[in-house]
Every structure is written in C-alpha cells, then in structure tokens.
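Peer 1: Order-wise, the sequence lines are chains A and B.
Taking our numbering, the leading residue of the first sequence gets 193, the next gets one more, and so forth.
Taking our numbering, the leading residue of the second sequence gets 193, the next gets one more, and so forth.
Glycine residues also receive a C-beta, built at the ideal position from the N, C-alpha and C atoms.
Just so we're clear, the structure is a prediction, and the values are computed from it rather than from any experiment.
2 protein chains.
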Amino acid sequence: MMNPLDVTRSMMDGLGADGDTCVKCGSRSLGLCAPLDAATLDDMATDSERVSLEARAPIFHQGDEARYVYTLTDGTARLMRVLPDGRQAAIGFRFSGDILGFTPSEEHAFGAEMLTDGMVCRMERRRLEQLFRRYPLLERRFLDLCSRELAQSQEHIMALGRFTAEERVAAFLLSLVDAQRRRGHKGPVFDLPATRADIGEFLGLTLETVSRAISVFRRRNLICLHGHSGIEMLNEGALIALGTGEGQDAA
Amino acid sequence: MMNPLDVTRSMMDGLGADGDTCVKCGSRSLGLCAPLDAATLDDMATDSERVSLEARAPIFHQGDEARYVYTLTDGTARLMRVLPDGRQAAIGFRFSGDILGFTPSEEHAFGAEMLTDGMVCRMERRRLEQLFRRYPLLERRFLDLCSRELAQSQEHIMALGRFTAEERVAAFLLSLVDAQRRRGHKGPVFDLPATRADIGEFLGLTLETVSRAISVFRRRNLICLHGHSGIEMLNEGALIALGTGEGQDAA
DNA sequence: CGCTCTTTTGACAGCATTCAAGCAGAGTGG
DNA sequence: CCACTCTGCTTGAATGCTGTCAAAAGAGCG
C-alpha cells in the first residue's frame with residue numbers, strides 16, 4: 193500500500209487541475225487540500241486501497257454496482273459505453289490524478305479500462321457519502337467536478353456533431369497535449385497513450401480515417417511522430433485553428 | 193408575478209421527474225418539497241421572478257455572465273453551442289419543469305432559447321448559493337441533477353458517434369415521447385415542438401436527412417404525422433429497437 | 001384565397017467507411 | 001546479430017451514407 197491520501201487529493205483536485213507536486217503526498221498535487229483542514233484529510237485517508245493494473249485491464253464494467261470511487265494515480269484510462277448490439281464508443285479519457293466512477297446512481301453507466309499499465313486508488317463510495325455529510329465543502333468540490341465533466345462532454349458533442357474527421361483528430365491531439373501540460377509536462381514531444389483504434393472509438397471514426405488524418409498532419413508538417421507513442425507538435429497554431437472550429441479560413 | 197416557488201419546486205424536481213400537480217403551487221410538481229420543510233421553502237420563494245418568452249427568443253447567450261438560474265415553467269427550449277466560425281449545434285432540449293443555466297462557473301458555456309412560446313422563472317445564482325450553504329440537502333439535489341445531465345450527454349455522444357441517421361431520429365423521437373409521458377401525457381399522439389432543422393442541429397444531421405428518416409418511418413407505419421406538430425406512435429417497439437442500438441436484427 | 005414557412009423528394013457530389021494489401025517497429029529466439 | 005512474428009500503422013480502391021442544391025407540395029394564417 194502506498195499513499196491512501198491519493199484518493200483524497202485527487203478528489204480535491206478534480207479533472208486536470210494544475211498542480212505542483214505535494215511533498216507530503218509524494219505524487220502530483222494540489223494546493224487543494226487547502227479548503228480542508230488536517231483532521232479532515234486524516235479522516236479521508238482511511239478505507240482507501242491501491243490496485244495495480246495492466247494495460248487493457250478493466251477497472252470496472254458498465255452496469256457494475258457503483259461500490260467504489262477510484263482515483264487514477266498512474267497511467268491513462270478510457271471510459272467506454274457499449275450498446276446492446278455490441279457497438280461501443282469511448283466517451284472520455286482519464287489521466288493520472290483524475291477521478292473515475294463517481295456517480296450518485298446505483299450502478300456505473302459506463303465502464304473504465306486502462307490504456308497503459310498503471311495504478312488506481314479506490315475508496316468505498318458509501319464512505320465518501322459519509323464524508324459528504326461531515327464535510328460539506330467536499331460535496332461542493334464534486335459538484336464543480338461534475339459540471340466540468342459536463343462541459344467536456346458538450347465539447348465532445350460539438351466535435352462529433354459538427355467536426356470533420358481532421359478537425360476531430362486535431363481536437364483530440366490538443367486535448368492530449370493540454371492534459372499533459374496541466375500535469376507539468378514540458379517540451380514539444382508528447383505521449384500518445386492510445387492506438388489509432390482507441391482514438392477512432394473516441395472520435396466516432398474508423399482507425400483508418402484517424403490514420404489518414406494523422407498522415408495529412410504529418411505531410412503538412414504540423415506534427416512529427418517519434419515511434420508509435422511519441423508525437424511532436426511542430427505547428428500547434430494550425431492544429432488549434434483546426435481543432436477549435438475556426439473553419440476553413442485557418443492558418 | 194405568478195408563483196416564485198416554481199424555481200424551488202423545479203430545483204427539487206430536477207430533469208424530467210415524474211410528478212403530480214401540486215395544488216398549492218399551481219403547476220406541475222413534485223413530492224420533492226418533501227426533503228425540505230416549510231420554512232426552507234418560504235425562504236426560497238424570495239427573489240425569484242417570472243418572465244414570459246416567445247418562440248425563438250433567447251433565454252441567455254453562450255458567454256453571458258451566469259447571473260441567474262432558470263426554471264422552464266412552460267414551453268420547450270433548447271441549449272445551443274456555437275463555434276468560432278459560426279457552426280452551431282443543439283446540445284439538448286429542455287421541457288417544462290427543467291432547470292436551465294445552473295453552473296458553478298462564471299459564465300454560461302452554452303446558450304438557451306425557446307422553441308415554443310413559454311415562460312421561465314429565474315432566481316439569482318448568488319441567492320441559490322446562499323441557500324446551498326443554509327440547506328445542504330439542496331446542494332445534494334443539484335449534484336444528482338448534474339450527474340443525470342452527464343448521463344444524458346453520454347447517451348447523446350453514443351448516438352452521434354455510433355448511430356446511423358435513422359437510429360438517431362428514432363432515439364430523438366423516443367426521448368420526446370419519454371419526456372412527455374413523464375409530464376403526465378396520455379395517449380399515442382405527441383407534440384413535436386421542433387422543426388426538422390432544429391432536430392437536425394441536435395442530431396448532427398441536415399434537415400433533409402431528418403425528413404427522409406421520418407418519411408421512412410412513416411412508410412413503414414411506425415409513426416403517423418398529424419399536421420406539423422403532432423406525431424402518433426404506431427409501432428413503438430420497432431422504434432425502440434432502432435433507437436436504443438439493438439442493431440440490424442431488430443423487429 | 002394567397003402568402004409564407006416548413007416539409008418532402010430527387011439528383012448528384014463528397015467524405016468517411018469498408019475491404020484489402022503492404023509496411024514498420026518491438027520483442028523473441030536461434 | 002539476424003531472421004521471424006506479432007501487432008499496429010499506412011495506403012489504395014471502391015462502396016455507401018449523408019450532405020448539397022434545387023424544386024415542388026403541404027400546412028398554417030390572415
């Protein structure tokens with residue numbers, strides 16, 4: 193067992209918060225303990241448990257009883273939804289520090305699985321709800337978190353409904369870059385923790401279409417690939433123009 | 193000024209709750225005042241204001257300061273998001289009793305406009321936040337609400353990413369039917385408060401494609417139109433098979 | 001009845017998918 | 001160190017769904 197406070201910290205942190213590293217806690221962090229006092233934090237450190245997972249391992253399945261709330265402490269995961277006939281779509285990516293599987297309903301509306309090797313820290317959801325009652329500030333944090341996820345979903349809806357294939361891929365690459373920068377990444381080379389098929393399942397495209405879009409970007413010298421999992425941003429402005437819906441008249 | 197309690201009631205109610213009519217309040221309602229006592233309700237009745245709106249009138253714009261929280265007390269509205277180049281998409285529909293424009297952030301991430309003539313009841317968002325502090329139960333309600341919206345968004349993401357045009361239109365019709373049933377509607381003829389263009393902007397399709405899908409349903413005797421704004425469900429099972437992702441092998 | 005807005009339908013074009021083949025990088029074992 | 005293999009990526013050609021453009025029909029309203 194490493195540090196059970198990770199759950200707490202990430203909950204305070206929320207999606208993609210910008211953070212320094214917290215000496216006491218050991219991994220990426222916050223300034224988010226701030227709203228809570230030490231006693232509260234100690235209180236929350238109980239009943240959480242770390243689990244190590246391999247790439248492609250499920251964290252929880254769609255339809256599972258929502259017994260635990262998870263913090264992704266290391267690695268990248270994706271949220272999946274499946275249809276009765278087997279078609280499936282990724283509805284989001286989650287990175288180190290993000291919260292997974294928090295829902296007020298009885299069961300998980302979607303599944304979560306690792307894309308890379310990694311680690312999660314889980315806490316009983318009942319325990320979390322007890323904490324809500326004791327520390328109202330905590331509940332407020334979760335409301336913010338939920339509404340930020342909602343905003344993300346709406347961006348995604350815009351992309352799926354109105355973007356061309358190239359625009360969607362550009363938007364996805366930018367969101368990856370953003371997530372890594374928020375986690376302290378420096379320099380122009382980023383990690384690409386998803387296969388073309390993974391990306392396609394997120395963007396509502398086939399893997400071939402994703403590949404073609406990336407090839408186009410490469411030919412235009414907007415990006416440069418370093419092996420299968422490294423991507424260098426050569427012309428971020430042009431990608432932004434594509435990926436934020438600025439239309440044809442872009443750089 | 194009619195009944196300012198409407199804001200309160202709807203907040204308690206949330207999205208598409210199933211309700212009887214509350215005698216005291218005059219319009220559709222709840223059993224949701226239940227978790228709060230009379231003093232709380234009186235408290236919330238202050239500082240809310242009713243506004244009457246015509247079809248196509250904006251309720252608030254994307255980017256506006258999020259000063260008010262609204263309850264749609266009568267009519268149908270849609271939530272819109274626009275891209276820098278002018279492309280726009282509807283990200284949701286809202287019906288009588290639903291809440292609009294609640295967000296913890298400083299400005300509205302999307303706009304809202306009426307589809308029909310109707311009425312909203314608005315309350316200062318600062319006032320609401322004061323009430324959160326005083327009545328923690330209220331905040332809990334909003335968290336539930338937010339997470340229900342999130343689930344809706346995810347359904348929509350699946351539809352946009354994986355459904356064909358016909359499946360999307362079927363899913364949309366079913367969601368309309370569901371919303372009206374939850375509000376006490378009886379019988380097989382439902383109201384269609386949106387033009388083909390409105391539906392297309394929600395489903396990521398053109399108005400012609402929506403029209404063709406509806407024509408196909410008509411030819412298969414799944415539905416029957418009554419003028420421009422009435423739709424009768426003749427074979428709901430077949431529409432469900434289409435609109436819930438049961439694939440080709442459906443009835 | 002005549003106006004206008006919405007819907008329907010048709011013909012054609014275009015973008016993404018499908019199917020198929022070849023390529024490249026990483027790991028394995030001789 | 002070099003095949004060998006596996007997996008993921010790239011590219012090509014053809015199909016098909018949806019978009020685009022255009023015209024006609026229908027519904028609602030004064």
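To be precise: take each residue of the region 259-293 of chain B, compare its Cβ to all Cβ atoms of chain A, and keep it if any distance is under 7 Å. Which residues remain?
Peer 2: From the region 259-293 of chain B, only ARG273, LEU275, PRO276, ASP277, ARG279, ALA281 and ILE283 have a Cβ closer than 7 Å to chain A.
Peer 1: Does the region 277-293 of chain A come within contact of the region 244-263 of chain A, defined as at least 3 CB pairs closer than 8 Å?
Peer 2: A contact exists between the region 277-293 of chain A and the region 244-263 of chain A.
Peer 1: Measure from the C-beta of GLU341(A) to each C-beta in chain B and report whether the shortest distance is under 9 Å.
Peer 2: Taking the first residue of the first sequence as 1, we reach residue 341(A) at position 149. It does; some Cβ of chain B falls within 9 Å.
Peer 1: Between SER367(B) and chain A, is any beta-carbon pair separated by less than 9 Å?
Peer 2: Counting from 1 along the second sequence, the entry for residue 367(B) is found at position 175. Output row for SER367(B): interface = no.
Peer 1: DSSP three-state call for ARG314(A): helix, strand or coil?
Peer 2: The residue you call residue 314(A) lines up with position 122 of the first sequence. In the structure shown, ARG314(A) sits in a strand (DSSP, three-state: E or B).
Peer 1: Can you find a C-beta in chain B that's less than 9 Å from the C-beta of ASP390(A)?
Peer 2: For this step, residue 390(A) is matched to residue 198 along the first sequence. Output row for ASP390(A): interface = no.
Peer 1: When DSSP builds the beta bridges, which residues end up paired with ASP383(B)?
Peer 2: On the second sequence, position 191 is the one that residue 383(B) refers to. In DSSP, ASP383(B) forms a bridge with GLY422(B).
Peer 1: Could you check whether GLY437(B) and GLU359(B) sit closer than 9 Å to each other, using their CB atoms as the reference points?
Peer 2: Counted from its first residue, the second sequence places residue 359(B) at position 167. Counted from its first residue, the second sequence places residue 437(B) at position 245. It is a contact, given that the beta carbons lie within the stated cut-off.
Peer 1: Check whether chain B comes within 9 Å of GLY429(A), counting only Cβ atoms and requiring the distance to be less than that.
Peer 2: The residue labelled residue 429(A) in the question sits at position 237 within the first sequence. For GLY429(A), the answer is no, since every Cβ of chain B falls outside 9 Å of its Cβ.
Peer 1: Just verifying my parser: in three-state terms, what is the DSSP assignment at THR263(A)?
Peer 2: For the purposes of this step, residue 263(A) is taken as the residue at position 71 of the first sequence. Of the three classes helix, strand and coil, the one that applies to THR263(A) here is strand, per DSSP.
Peer 1: With 9 Å set as the bound, which would you pick, yes or no: does the beta-carbon of ALA301(A) sit closer than that to a beta-carbon of chain B?
Peer 2: Along the first sequence, read from residue 1 onward, the residue named residue 301(A) stands at position 109. At least one chain B Cβ lies under 9 Å of ALA301(A).
Peer 1: With H, G and I counted as helix, E and B as strand and the rest as coil, what does DSSP make of GLN344(A)?
Peer 2: Position 152 of the first sequence holds residue 344(A). Of the three classes helix, strand and coil, the one that applies to GLN344(A) here is helix, per DSSP.
Peer 1: Can you look up ALA430(B) in the DSSP assignment and give me helix, strand or coil?
Peer 2: Locating residue 430(B) in the second sequence gives position 238, counting from the first residue. Here ALA430(B) sits in helix by DSSP.
Peer 1: Under 9 Å, Cβ to Cβ, is there at least one residue of chain A near ASP256(B)?
Peer 2: Locating residue 256(B) in the second sequence gives position 64, counting from the first residue. Judged by the 9 Å Cβ criterion, ASP256(B) is not in contact with chain A.
Peer 1: Distance check for ASN413(B) and ASN427(A), CA to CA, integer angstroms please.
Peer 2: Residue numbering aside, residue 427(A) sits at position 235 when the first sequence is read from its first letter. Residue numbering aside, residue 413(B) sits at position 221 when the second sequence is read from its first letter. If I take the Cα positions, the gap works out to 54 Å.
Peer 1: Start and end of the beta strand (DSSP E) containing GLU241(B)?
Peer 2: Mapped onto the second sequence, residue 241(B) falls at position 49. Unbroken beta strand (DSSP E) run through GLU241(B): 240-245.
Peer 1: Please identify, using Cβ separations under 7 Å, the residues of the region 335-360 of chain A that lie next to chain B, in order along the chain.
Peer 2: So the close ones are LEU335, ASP336, CYS338, SER339, GLU341, LEU342, ALA343, SER345, GLN346, HIS348, ILE349, MET350, LEU352, GLY353 and ARG354.
Peer 1: So if DSSP puts GLN280(B) in a beta bridge, which residue, or which two residues, is it bridged to?
Peer 2: Position 88 of the second sequence, counting from 1, holds the residue named residue 280(B). Paired residue(s): VAL274(B).
Peer 1: Against GLY435(A), what residues of chain B qualify as contacts under a CB-to-CB distance less than 7 Å, listed in chain order?
Peer 2: Start at 1 with the first residue of the first sequence, and residue 435(A) comes out as number 243. Residues of chain B passing the Cβ test: none, with the nearest at roughly 11 Å.
Peer 1: Just curious, the alpha helix (DSSP H) that PHE409(B) is in, first and last residue?
Peer 2: Your numbering for residue 409(B) matches position 217 in the second sequence. Segment 399-411, the alpha helix (DSSP H) holding PHE409(B).
Peer 1: May I ask you to list the residues that DSSP assigns as paired with ARG286(A)?
Peer 2: Sequence index remark: in the first sequence, residue 286(A) carries index 94 (1-based). Partner(s): ALA269(A).
Peer 1: Between which residues of its own chain and GLN444(A) is the CB-CB distance below 7 Å, once the five residues before and five after are set aside?
Peer 2: Since the first residue shown for chain A is 193 and the last is 443, residue 444(A) is missing from the structure and cannot be characterised.
Peer 1: Under 9 Å between C-beta atoms, does SER297(A) make it to chain B?
Peer 2: For the purposes of this step, residue 297(A) is taken as the residue at position 105 of the first sequence. Chain B contact via Cβ: present.
Peer 1: Note down, in chain order, every chain A residue with its Cβ under 8 Å from the Cβ of GLU331(B).
Peer 2: As a first step, residue 331(B) is located in the second sequence; it is residue number 139 there, counting from the start. In chain order: PRO328, GLU331, ARG332 and LEU335.
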